[in-house]
Structures are given as C-alpha cells and as structure tokens.
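Working notes for the structure below.
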Amino acid sequence: MQKQIAVIRGDGIGPEIVNQALRVLDAVAQKYGHTFQYTDVDMGGCAIDKWGEPLPKAQLDKCLASDSVLLGAVGGPKWEGLPGDKRPEKGLLRLRAGMGLYANNRPARLWPQLAEASPLKPSIVARGIDFLVVRELIGGVYFGGHTTQEVNGELVATDIMPYAEHEIERIGRIGFETALKRRKKLCCVDKANVLDTSRLWRRVMHRLQSEYPGVEYSEMFVDNAAMQLCKDPSQFDVIVTENMFGDILSDEASMITGSIGMIPSSSLGEGSRGLYEPIHGSAPDIAGQDKANPIGTILSAGMMLRYSFDAPAEADAIERAVNAVLDAGLRTGDMMSEGCTLVGCAAMGDAILAQL
Ligand code: IPM
Ligand code: MG
C-alpha cells in the first residue's frame with residue numbers, strides 16, 4: 000500500500016520520539032513492501048513561534064489531506080503565559096475537532112516485564128491489568144464556552160459542559176462495539192449524582208444497552224472509578240466516559256501499568272483517517288537529552304497500521320518487537336527497575352528496529 004502520513008513532531012520530547020517511530024514505520028514499509036510518505040505539520044508551541052498561532056488553517060488542511068496523522072506531543076513552559084486560545088494545547092483541540100475525531104481509545108495494559116514498575120502492590124498487579132478507556136474527545140467542557148468576566152468587582156470564570164444526545168450515542172456505541180471485541184464488559188463512568196450531562200449519558204446508554212444484550216453493562220461514579228482503578232483494576236474491560244473524566248482517568252490508568260511513556264492512543268471519527276499519539280505530554284524537563292521513552296509513540300504508529308491502514312500483521316510485528324526488547328531488559332528512565340539496562344531514546348529505537 001501507499002499512504003500519506005501527516006507528521007506532527009511538536010514540542011519538548013516530541014521530535015525525538017516521533018523520529019524513532021518514523022524509523023520503525025520505514026522498517027515496516029521495507030519489510031512488507033509499503034510506501035509511506037510523510038508531510039511535516041507545525042502544531043503547538045513551535046507553530047506559535049513560527050506562525051503566531053498553534054494550528055494555522057494551512058497546517059490543519061495538510062492533516063485533512065493525509066491518510067492519517069502521527070503526533071508526538073505539544074506544549075511547554077515557554078508558552079504557558081499565553082491566553083487560553085493561543086496556547087499550544089489549543090492546537091491539539093483544534094486538530095481533534097477539525098478532523099471530527101470524537102472517539103479516543105486509550106488502552107491500559109500491564110506488560111508483564113514492567114510489573115515491578117507499577118506503583119500498585121504485587122498482589123493487585125497479579126490479578127492483571129488490561130482495560131481500555133474510550134474517551135469522548137470533541138465535546139463537553141473542553142469545547143463548551145469559556146469566559147472570565149468581572150462581576151461585582153471580582154473576576155468570575157465559567158466553563159460550560161454541554162452534551163447532545165447524538166454526541167453521547169455515537170461514543171456510547173463505540174464503547175459497546177469495543178466491548179464486544181474484548182471481554183464484553185462495559186462500564187460507563189460519570190457523575191450522575193450531580194451532573195445533568197451525566198444523567199443524559201445514562202439515558203442514552205440505557206437505550207443502547209438493549210441493542211447489545213451480549214455486553215455486561217455497568218455504571219460507576221467517576222470518584223469511585225478513580226479509587227477502584229487503584230484498588231482492583233482487573234475488574235475493568237472497557238470504560239466509556241466523557242472528555243474530561245477520560246483525560247484524568249487515562250493518566251491514572253497509565254501510571255498503574257508502570258509508565259505513562261508506554262501508552263499509545265488512537266482518535267477516530269467517521270472515516271478511517273485517525274490521529275495517533277502517545278498519551279503522555281511533551282516532558283520539557285528531559286527534552287533534547289535522549290532520555291524519553293519512544294515506545295508510546297512507536298505503539299501509536301502500530302495502532303495507525305492496525306486501525307487506519309488495516310494492516311494487523313504489521314502492527315503485530317511492532318508489538319512483538321517491543322515485547323522482545325522489554326524481555327531483553329532494556330528500559331528508558333521512566334520504567335527503569337533493578338537488574339535492567341538503562342537506555343536512551345535512540346538506543347531504544349535501535350533495539351526495536353533490530354527486532355523487526
Ligand atoms: C491529553 C492531554 C490533552 C488533553 C491536553 C494537552 C490538552 O492531556 O491528550 O490527554 O487534555 O486532552
Ligand atoms: Mg491528558
């Protein structure tokens with residue numbers, strides 16, 4: 000096959016980790032006879048520096064013209080003082096909305112080799128961690144109105160969290176469909192004891208539930224879910240939740256599996272074109288030092304092959320290569336434990352390439 004991939008290196012460790020993922024994609028292309036062409040896209044802080052805004056329209060258009068998008072990470076202290084709609088993160092939100100990517104898939108699974116890096120007790124980890132957060136990505140409080148106004152001599156800020164039935168239904172359906180392909184358990188996480196949006200989520204989910212009798216459906220308040228994820232993550236298969244809850248819970252999910260540096264993600268909408276990125280941030284504290292873990296990005300490239308390009312054998316090959324380097328005891332700093340060999344970002348890429 001021949002595919003056009005938009006590549007957003009972004010800020011901080013973004014360029015280092017994306018470069019390793021591109022080496023892996025090139026190796027896969029060579030081995031399986033594919034051609035991947037890359038188009039560079041500026042987004043985030045680097046786009047602010049170059050173009051004055053985090054995602055100029057011409058850059059978004061390049062993504063819309065591609066077969067899929069690979070992203071490193073955006074943001075950093077340099078741009079922190081900027082107003083909300085000029086920040087690097089705004090570029091990412093614009094990209095997600097501009098591409099219509101409402102379904103964000105964040106798999107949290109424990110690689111057995113990393114069990115010691117999990118902060119949870121061995122007795123909890125031993126029960127297994129393998130679940131997936133299906134996060135709604137272009138609605139809710141991230142995209143409702145944001146205002147800060149002076150009222151009676153003081154500032155009052157408001158963020159609105161809107162959800163329409165159709166927005167809930169399309170992501171709810173992804174939750175059920177995903178559960179069908181896994182252990183057939185779906186948990187809707189919300190705050191229905193307080194929020195109207197959550198109560199509407201439950202109404203829509205109940206309607207869908209009757210279409211999926213094969214799925215064991217449950218509901219949980221988000222505060223309890225945060226606690227249950229530490230107490231017994233093995234109880235979860237698929238979690239479906241709104242945008243902000245999904246943001247928070249997926250960071251927690253990544254930590255209990257040993258390292259935030261390992262978790263890839265896919266974001267999809269109606270077609271096959273998606274956005275693939277590790278769930279971690281731009282880690283400015285280690286940027287440019289060859290210390291970052293490229294595996295989250297490499298696995299994201301694997302997800303692109305699997306979900307956008309329908310190439311499961313190629314995706315499996317990447318996952319097997321990652322598994323092999325972990326078996327060999329190679330670790331970047333974020334997941335280092337006793338008896339293992341500490342390597343940098345490029346050496347980790349080398350090792351994965353060697354396995355391919
Ligand atoms: C994520 C990130 C983003 C989000 C930020 C960078 C806007 O935390 O992808 O989880 O909140 O969605
Ligand atoms: Mg986040």
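Residues in the sequence shown are numbered consecutively from 0, following numbering that gives the first Met the number 0.
Cβ coordinates follow ideal geometry from the N, Cα and C atoms, glycine included.
The criterion of a C-beta distance shorter than 8 Å is not satisfied by R86 and N242.
Assigned with DSSP and collapsed to three states, G138 falls in coil, not helix or strand. A distance criterion of 7 Å places the beta-carbon of D246 in contact range of the ligand IPM, judged by its closest non-hydrogen atom. DSSP links A107 through a beta bridge to F130.
In the same chain as A20, and ignoring 5 residues on each side of it, the C-beta atoms closer than 6 Å to its own belong to T296, I297 and A300, in chain order. Per DSSP, the continuous beta strand (DSSP E) segment holding E149 begins and ends at H145 to V150. The alpha carbon of G97 has as its nearest neighbour, out of S253, R126, G83 and A57, the alpha carbon of A57. Three or more Cβ pairs drawn from the segment 36–47 and the segment 3–22 lie within less than 8 Å of each other, which places the two stretches in contact. For the ligand IPM, a non-hydrogen atom lies closer than 7 Å to the CB of G74. M219 carries a strand assignment under DSSP once its states are collapsed to helix, strand and coil. Remark: the shortest separation between the CB of D10 and any heavy atom of the ligand MG does not fall under 7 Å. In the same chain as Q36, and ignoring 5 residues on each side of it, the C-beta atoms closer than 8 Å to its own belong to Q1, K2, Q3 and I4, in chain order. Using a cutoff of 7 Å, the CB of G97 does not count as near the ligand IPM, since none of the ligand's heavy atoms is closer than that.
Under the criterion of beta carbons closer than 8 Å, G144 and I159 qualify as touching, at roughly 5 Å. Using a cutoff of 7 Å, the CB of G139 does not count as near the ligand IPM, since none of the ligand's heavy atoms is closer than that.
Judged by the Cβ position, D250 qualifies as a neighbour of the ligand MG at the 7 Å threshold, a heavy atom of the ligand being closer than this.
Contact between the segment 70–84 and the segment 225–235 is absent: fewer than 3 CB-CB pairs across the two stretches fall below 8 Å.
For the ligand IPM, no non-hydrogen atom lies closer than 7 Å to the CB of G43.
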